[in-house]
Structure formats: C-alpha cells, structure tokens
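Asks:
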Amino acid sequence: MQMSWRLLFLSLLIVAGVATWGGLQAGDWLIEHAPVSANVPNVMESDPNPMVDAQGRPIQLQPQQPLMSGAQGVPKRPDPVQWHVDVEQGEQAIEQAVTTTNSEVTIGEATDTIDGGNANDNDQGMVPIRRSSRASRAAPAGNWEPAFHQAMSECRAMGFFDRPACLSRVRNQYCGANNAWGNVSDCPSR
372 MQMSWRLLFL SLLIVAGVAT WGGLQAGDWL IEHAPVSANV PNVMESDPNP MVDAQGRPIQ
432 LQPQQPLMSG AQGVPKRPDP VQWHVDVEQG EQAIEQAVTT TNSEVTIGEA TDTIDGGNAN
492 DNDQGMVPIR RSSRASRAAP AGNWEPAFHQ AMSECRAMGF FDRPACLSRV RNQYCGANNA
552 WGNVSDCPSR
C-alpha cells in the first residue's frame, strides 16, 4: 500500500501538535508540583539566613588573591571617580581652548618653513628637511637578486611544513628591504 504525501504531511502535523500540547501540559504540571525549597544537605530550617544586600541578593565574599605587595588578601576597592563636571569648569576649558591660538604665524610662513626657507631670519637651529626621491631609496637591482633567488630555491627544497615560513621570511628580507614588491618575479605586489 502506498501512502499519499498529503496524508503523510497531515499525520506529521497532527503528531507535532499533540507533542506541543503534551509539552505544555507537562510544563504546567511541573510548575504546580515544584518543591518549595531545595534539598540541600546539612542545611536546617533553624540555620540563619545568608547575608543579603539592599536588592535582596546574597552577598558573596571575594576570595583572597595575590596583592601588589606580595601578600595574600582581598584587594581594596578603588575610590569612585567623580565624573561630574561643573558648568563653570567646562566653560573655562572651552574659553582657554579657543583663546590659546598662535595668530602670529601665517599660512605662507608655515609653508615657507616646511619647504626649507626661513620664515624669520633670526630663527636659528632650524634645519631644512631634505627629501630623497622614492627611486633613490631602492638598492641597485643587480646585486641582491642572485642571493634572493638562491635563498628562494633553498626554501623550495625544504619540507612541506617548513617551506611557507621560509618563503615568507626570505621575501620579507629581500623584497621589503629593496622595495621590490611587484617589481621582481618572486616578489608579488602587496
């Protein structure tokens, strides 16, 4: 006998509904029959109640721990931080921040100073910054590449687990120092 998929779906839906209803009934029964107090060994009704704080939660004592002095103990709580800022103090801080600007230096003088010229001739101790071009920082192309390719071939001869770390180390050593990322075949661009 072949069962229709509609009948199968309907029977599964009915079983799911019955299981949900049964679970709700079982939950209600468990709530009604829950014990009033836990059966804790060595605790009697005549024992004193535990200490509680203002919200009614039990106070838990902190365990001892190593202190900065090297002794064992419970650390003291730090003093509470006063986050309140007076309105007068805030206004003073804003006033000082607005009024402490140096209006004697103009933008033109500042750019002259950056470019290497002196804004004032009496300023001594200022040395102009000499900028080197990016190309002059790179080492000559021919002297390090053979050593780089030799080190890469040695890394490729290593085992499966050692090879990636060796390749990364050699690339960082040669490609990074010679600014060759993307310019040499074994130095991929970053």
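Residue numbers for the sequence shown, in the numbering used here: 372 to 561. The beta-carbon is built from N, C-alpha and C at its ideal position, and this holds for glycine as well. Note that the structure is predicted; figures quoted are calculated from it, not measured.
Just mark R540 as buried or exposed, buried being the case when its beta carbon has 16 or more other beta carbons within 10 Å.
Replies: Exposed, because fewer than 16 other Cβ atoms sit within 10 Å of the Cβ of R540.
Asks: Once DSSP output is grouped into helix, strand and coil, what is the label at Q436?
Replies: It is a strand residue.
Asks: Over what stretch of residues does the alpha helix (DSSP H) that includes Q539 continue unbroken?
Replies: In the sequence under discussion, the amino acid at residue 539 is Ser, which differs from the Gln named in the question. R534 to R542 is the span of the alpha helix (DSSP H), which, as asked, contains S539.
Asks: Could you tell me the alpha carbon to alpha carbon distance between E462 and D424, rounded to whole angstroms?
Replies: So the alpha carbons of these two residues sit roughly 40 Å apart.
Asks: Between A518, R448 and G394, which lies nearest to N549 when the distance is taken from Cα to Cα?
Replies: Of the listed residues, the one whose Cα sits closest to N549 is A518.
Asks: Along the chain, where does the alpha helix (DSSP H) containing A397 start, and where does it finish?
Replies: Residues W376 to E403.
Asks: Have a look at the DSSP bridge pairing and note the partners of P429.
Replies: In the DSSP output, where bridge partners are listed per residue, P429 has V423.
Asks: Relative to the alpha-carbon of P434, which residue among Q426, Q443, R428 and L384 has its alpha-carbon at the smallest distance?
Replies: P434 has its Cα closest to that of Q443, out of Q426, Q443, R428 and L384.
Asks: Whole angstroms are fine: how far does the CA of V452 sit from the CA of V458?
Replies: Near 18 Å, if we compare the C-alpha coordinates of V452 and V458.
Asks: Between the C-alpha atoms of V389 and A405, what's the straight-line distance to the nearest angstrom?
Replies: Looking at the two C-alpha atoms, the distance is approximately 24 Å.
Asks: Assuming C546 and L538 are in contact, meaning their beta carbons sit under 8 Å apart, how far apart are those beta carbons, in whole angstroms?
Replies: So it is not a contact: roughly 11 Å between Cβ atoms.
Asks: Drop a sphere of 10 angstroms on the beta-carbon of A551, count the other beta-carbons inside from all chains shown, and report buried for 16 or more, exposed for fewer.
Replies: The residue in question, A551, is buried, as its Cβ has 16 or more Cβ neighbours within 10 Å.
Asks: If you draw a straight line from the C-alpha of R508 to the C-alpha of S556, how long is it?
Replies: With a pLDDT of 44 at R508, under the threshold of 50, the modelled position of that residue is not reliable, and the figure given next carries that caveat. Computed Cα separation, rounded: 20 Å.
Asks: Does the Cβ of R428 have 16 or more other Cβ atoms within 10 Å, making it buried, or fewer, making it exposed?
Replies: Exposed is the call here.
Asks: Please classify R542 as buried or exposed, where buried requires at least 16 neighbouring CB atoms within 10 angstroms.
Replies: Buried, because 16 or more other Cβ atoms sit within 10 Å of the Cβ of R542.
Asks: In the DSSP output, which residue or residues are listed as bridge partners for Q443?
Replies: Paired residue(s): P437.
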